[in-house]
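Structure first, commentary second.
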Amino acid sequence: MIRPGSEILDDRGRIAQLHGVGVQRVGERWFAWGEDKTSGPTFTAVACYSTGDFDEWRFEGNALEEGDGDLAGDRIIERPKVLRRPDGIWIMFLHVESADYSAARVGYAIAERPEGPYRYIGSERPLGNLSRDIGVFQEDGVGYLLSEDRENGLHIYRLRDDYLAVESIVVTLRQQRNPEIGYESPTLVKANGRYHLFGSDLTGWSLNDNMHASATALEGPWTDWSPFAPVGSRTFDTQVSVVLPAGDGFVFIGDRWLPDDLFRSKTVVLPLVIEGETATLAWRDEWTIGELA
Numbered sequence: 001m002i003r004p005g006s007e008i009l010d011d012r013g014r015i016a017q018l019h020g021v022g023v024q025r026v027g028e029r030w031f032a033w034g035e036d037k038t039s040g041p042t043f044t045a046v047a048c049y050s051t052g053d054f055d056e057w058r059f060e061g062n063a064l065e066e067g068d069g070d071l072a073g074d075r076i077i078e079r080p081k082v083l084r085r086p087d088g089i090w091i092m093f094l095h096v097e098s099a100d101y102s103a104a105r106v107g108y109a110i111a112e113r114p115e116g117p118y119r120y121i122g123s124e125r126p127l128g129n130l131s132r133d134i135g136v137f138q139e140d141g142v143g144y145l146l147s148e149d150r151e152n153g154l155h156i157y158r159l160r161d162d163y164l165a166v167e168s169i170v171v172t173l174r175q176q177r178n179p180e181i182g183y184e185s186p187t188l189v190k191a192n193g194r195y196h197l198f199g200s201d202l203t204g205w206s207l208n209d210n211m212h213a214s215a216t217a218l219e220g221p222w223t224d225w226s227p228f229a230p231v232g233s234r235t236f237d238t239q240v241s242v243v244l245p246a247g248d249g250f251v252f253i254g255d256r257w258l259p260d261d262l263f264r265s266k267t268v269v270l271p272l273v274i275e276g277e278t279a280t281l282a283w284r285d286e287w288t289i290g291e292l293a
């Protein structure tokens, strides 16, 4: 039974480090890669878990561990997302930062198995742009990177064929009320021929009503941004991390950040309804993934 907002423990009885999580379906299980906040904001590892029901989580090991350069212990590594290339190789994407958040780069790592270990390749500012919170999307073997650029907006990039660099900008989206900026913590899914994009406002650790837009083509036109949870709920006090298809529905996973105790920040898992141009998130005290079958 999934109880949103309760502490998630792994099979070792430890708090699952699912912060800023990325998730992919692998066979009968979902694999998840999260920020290990053992050291607070600075980098310790990217932890890998798997689950069959989003209730019980198995620790698969550290997919990526502290090293040197971008992966040094005084650096910040956030938003681990993973895609499997058509050739079967797994690529991990990372928000790579310096302690003062001036780096604003996207990093790439590679592995033969979803749980890793991943070999770090390097980082870039895609096409010279700032890159902070990221998301990924894949369709027909083509990979896409979603990247928040504080100076220009939220970019959807097409990745190079090897997924290890950005090739071109597909579209850049901005807010209606503040067209100079976009949304952060982006995630994208497709349902019934429409693309659905979700993101969080730029309010730091403070929570906000996350937003949603949709389109029939990645290039747009996109609908106006609108809240997908009750207005004023601050998306049930979460920041969206990922939305993913499951059964006949969708799963929303968000973070309840505790800035003074990031290690214990809770992960909230809720069912999400997508119909036509709209998406709706409602609170559930408890539910099961079987309800989406």
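At position 73 of the sequence shown the residue is numbered 73 (full-length UniProt numbering), and the sequence of numbers has no breaks. Where is the CB? At the ideal position from N, CA and C, for every residue including glycine.
Rounded Cβ spacing between residue i and residue j (contact assumed at less than 8 Å)
i: Trp-283; j: Phe-236; result: 6 Å
i: Leu-292; j: Ala-229; result: Contact doesn't hold; Cβ gap of about 18 Å is too wide.
i: Ala-279; j: His-212; result: 5 Å
i: Arg-58; j: Asp-11; result: 5 Å
i: Asn-129; j: His-155; result: 7 Å
Opening and closing residue of the beta strand (DSSP E) in which residue i lies
i: Arg-234; result: Element bounds for Arg-234: not the beta strand (DSSP E) but the alpha helix (DSSP H), 234-237.
i: Ala-109; result: 105-111
i: Gly-27; result: Gly-27 -> no beta strand (DSSP E), and no H or E assigned at all.
i: Arg-254; result: One point to set straight first is that residue 254 is Gly, not Arg, in the sequence displayed. Start and end: 249-256.
i: Pro-117; result: Premise fails: Pro-117 is in no beta strand (DSSP E) and is neither H nor E.
i: Asp-149; result: 142-149
i: Phe-93; result: 90-97
i: Lys-81; result: 76-84
i: Arg-58; result: 57-65
i: Gln-138; result: 134-139
i: Ile-156; result: 153-159
i: Phe-54; result: From DSSP, Phe-54 is part of no beta strand (DSSP E); its letter is neither H nor E.
i: Leu-197; result: 194-200
i: Lys-190; result: 184-191
i: Leu-272; result: 266-275
Contact check, residue i vs residue j, beta carbons under 8 Å
i: Gly-20; j: Arg-256; result: no
i: Arg-79; j: Leu-94; result: yes
i: residue 299; j: Arg-105; result: This structure cannot speak to residue 299, because the chain is shown only from 1 to 293.
i: Ser-265; j: Lys-37; result: yes
i: Arg-113; j: Gln-24; result: no
i: Val-166; j: Leu-218; result: no
i: Ser-185; j: His-196; result: no
i: Leu-71; j: Phe-43; result: yes
i: Glu-7; j: Glu-60; result: no
i: Thr-288; j: Ile-2; result: yes
i: Glu-139; j: Ile-77; result: no
i: Tyr-118; j: Gly-107; result: no
i: Val-242; j: Gly-22; result: yes
Minimum C-alpha distance to residue i - residue among the options
i: Gly-153; options: Thr-238, Gln-138 and Ser-200; result: Ser-200
i: Gly-276; options: Asp-260, Asn-178, Thr-223 and Asp-261; result: Thr-223
i: Ala-16; options: Thr-267, Gly-204 and Glu-28; result: Thr-267
i: Ile-274; options: Gly-193, Leu-202, Pro-259 and Asn-62; result: Gly-193
i: Pro-41; options: Ile-289, Leu-262, Leu-281 and Leu-270; result: Leu-262
i: Ser-233; options: Arg-132, Ser-206 and Pro-221; result: Ser-206
i: Leu-281; options: Thr-288, Ser-226, Phe-252 and Leu-258; result: Phe-252
i: Gly-254; options: Gln-239, Asp-248, Val-189 and Leu-244; result: Gln-239
i: Trp-33; options: Ser-168, Ile-91 and Pro-86; result: Ile-91
i: Val-231; options: Leu-244, Asp-74 and Asp-209; result: Asp-209
i: Ile-169; options: Cys-48, Ile-181 and Ser-147; result: Ser-147
i: Leu-272; options: Ala-191, Leu-202, Thr-216 and Ala-109; result: Ala-191
i: Leu-127; options: Ser-39, Tyr-157, Gly-204 and Asp-260; result: Tyr-157
i: Val-189; options: Trp-30, Phe-198 and Gly-69; result: Phe-198
Three or more C-beta pairs under 8 Å: does that hold for the region 51-59 against the region 83-100? no
Indicate whether the contact test is met: 3 or more Cβ pairs, each with one atom in the region 139-147 and one in the region 155-170, closer than 8 Å. yes
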